[in-house]
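In the numbering used here, the protein residues as written are 19 to 516.
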């Protein structure tokens, strides 16, 4: 029986529990609690950021807009370079992408590191008057939009170099020719210096101008202006070295052979500069000996205060027999500036040449190995098997379709006799015979032979029948002109008839 009813029957008032109000039974597991405010309020900086003034909002909008425009400009430059229709400003922007910390990594492609682009200085120096004038506005646009300090310095240095190049191309009168004679002396002294050495030298010249010494102020002020140009060149050289190192790191995974070739080319360039600096040290007779002595003294002091060259450079320069002459360097850089087609890669599969004895002219001339810049043409062969098993979305493996050899012999003693080449097949194999296993191709050696002072050089290539057609798309070429031996050929295509 209910206790309240029992109490009412027996005449007692039921004791009600008036302490608890009627309602839901309390249960800790299904209790609903309201969201409570955090005991730690947000910092004042975030509160201020949430409520910007109209001027601050406008400035932020402009900054975001500039960043978007800069990103689009870089993206368009990348696309034009990849498609082989780049303008000079595109090449300069593409060069910077390898060390640009502000770039969008989603825009990168695996084959970007495989694209060869000349150095920024080489690009600017190869332009004509009209191109240099048009480049001013393009560089200024990047200068305005860039926010990274390192990138702004890059574009500022390019602007200085562009102005100097345009000034050098302008017609010169008698005064200009006299200035040119002095500038050659300045170039011999300032040219080999690093960026840090030039900065130290600039401070010394400024101290000299600030002193009360009896000096030719016009001369030292003009020298200080020239120093700005050499600082820009040194800055661009430093940037390009960083670009090259980053590019080599990327190539080590996708194209080890090309990475190794670029490393050897970089080491050769360092050795060439070391040899050039060694050979250029000496007494220079100039029209004004007093001023030249002053420059040399200042340059020497700046050099001694800077860092020494990397260890091992001098030893490498002394022991190597590579050709590091200025003529060879000019030919090499000109060929590098041509770049690569879509189906071309660097070819540096060099083989050791076995010689029984030294050539007779070795005692009269120093033997040297010729420099080269070779390309191999790769492509797909859509034969019946590949058409059956592959498509354009899943293409077959690339095969070698031809070679482009460019061997440099600028210092050949007997220029009436052109260098030649011959094919060497090993193990008694004759032309047309095949000793290779199924699915592989035979290889042979192609050996290039010149005269003094050049040694022979050989490369291992695929042994297939050459196409000697003069048609433009086949591109056979065998010539020796202006110190360059060019041998370009493609292999014959094999067609099977039913």
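Just so it is clear, CB atoms sit at the ideal spot from N, CA and C, and this is done for glycine as well.
Residue i vs residue j beta-carbon contact at 8 Å
| i | j | result |
| --- | --- | --- |
| residue 485 | residue 508 | yes |
| residue 241 | residue 223 | yes |
| residue 268 | residue 280 | no |
| residue 392 | residue 365 | yes |
| residue 109 | residue 157 | no |
| residue 113 | residue 138 | yes |
| residue 208 | residue 183 | no |
| residue 383 | residue 503 | no |
| residue 363 | residue 475 | no |
| residue 145 | residue 251 | no |
| residue 84 | residue 163 | yes |
| residue 220 | residue 254 | no |
| residue 249 | residue 238 | no |
| residue 345 | residue 469 | no |
| residue 478 | residue 440 | no |
| residue 153 | residue 107 | yes |
| residue 265 | residue 131 | yes |
Check: residue i C-beta below 7 Å from any heavy atom of the ligand ZN
| i | result |
| --- | --- |
| residue 405 | As far as ligands go, the structure on display features none, and thus does not contain the ligand ZN. |
Per DSSP, the bridge partner or partners of residue i
| i | result |
| --- | --- |
| residue 111 | Paired residues: none, contrary to the question. |
| residue 484 | 509 |
| residue 453 | None, per the DSSP bridge assignment. |
| residue 441 | 464 |
| residue 478 | 463 |
| residue 392 | 365 |
| residue 94 | DSSP, once it has assigned bridges, lists no residue as partnering residue 94. |
| residue 347 | Per DSSP, none; premise fails for residue 347. |
| residue 472 | 386 |
Segment limits, beta strand (DSSP E) that includes residue i
| i | result |
| --- | --- |
| residue 503 | 502 to 509 |
| residue 421 | 417 to 426 |
| residue 434 | Element bounds for residue 434: n/a, residue is neither H nor E. |
| residue 356 | From DSSP, residue 356 is part of no beta strand (DSSP E); its letter is neither H nor E. |
| residue 378 | No beta strand (DSSP E) holds residue 378; DSSP gives it neither H nor E. |
Neighbourhood of residue i by C-beta distance below 7 Å, restricted to the same chain and skipping five residues each side
| i | result |
| --- | --- |
| residue 93 | 125 |
| residue 299 | With a pLDDT of only 45 at residue 299, under the threshold of 50, the placement of this residue in the model should not be trusted; the figure read from the coordinates follows. Nothing listed; no residue qualifies. |
| residue 351 | 140 |
| residue 419 | 395, 396, 397, 508, 509 |
| residue 306 | At residue 306, the pLDDT of 43 sits below 50, so the modelled position is not reliable; the number obtained from the coordinates is stated separately. Correct list: empty, nothing qualifies. |
| residue 448 | none |
Per-residue DSSP class, three states only, for residue i
| i | result |
| --- | --- |
| residue 133 | coil |
| residue 223 | helix |
| residue 397 | strand |
| residue 18 | Lying before the first or after the last residue shown, residue 18 is absent from the chain, which here runs from 19 to 516. |
| residue 369 | strand |
| residue 198 | Only weak support exists for where residue 198 lies, its pLDDT of 49 falling under 50; the value from the coordinates is given anyway. In this structure, residue 198 counts as helix in the three-state DSSP scheme. |
| residue 463 | strand |
| residue 21 | helix |
| residue 498 | strand |
| residue 386 | strand |
| residue 27 | helix |
| residue 206 | helix |
| residue 117 | coil |
| residue 414 | coil |
| residue 517 | What is shown of the chain runs 19 to 516, which leaves residue 517 out entirely. |
| residue 104 | coil |
| residue 69 | coil |
| residue 229 | coil |
Residues of its chain near residue i, where Cβ-Cβ distance is below 6 Å and the 5 sequence neighbours each way are ignored
| i | result |
| --- | --- |
| residue 90 | none |
| residue 459 | 480 |
| residue 505 | 423, 496 |
| residue 115 | 121 |
| residue 104 | 98 |
| residue 329 | With a pLDDT of only 33 at residue 329, under 50, the local geometry of the prediction cannot be trusted, and the value read off the model is given with reservation. Closer than 6 Å at the Cβ level, and outside the excluded window around residue 329, lies no residue. |
| residue 493 | 506 |
Terminal residues of the alpha helix (DSSP H) in which residue i lies
| i | result |
| --- | --- |
| residue 271 | 235 to 272 |
| residue 406 | 402 to 407 |
| residue 141 | 138 to 143 |
| residue 171 | 167 to 187 |
| residue 158 | 147 to 163 |
Cβ-based neighbour list, residue i, same chain, cut-off 8 Å, excluding 5 preceding and 5 following
| i | result |
| --- | --- |
| residue 247 | 178, 179, 182 |
| residue 216 | 208, 245, 248, 249, 252, 320 |
| residue 455 | none |
| residue 572 | For the chain, the structure presents residues 19 to 516; residue 572 sits outside this window and is missing. |
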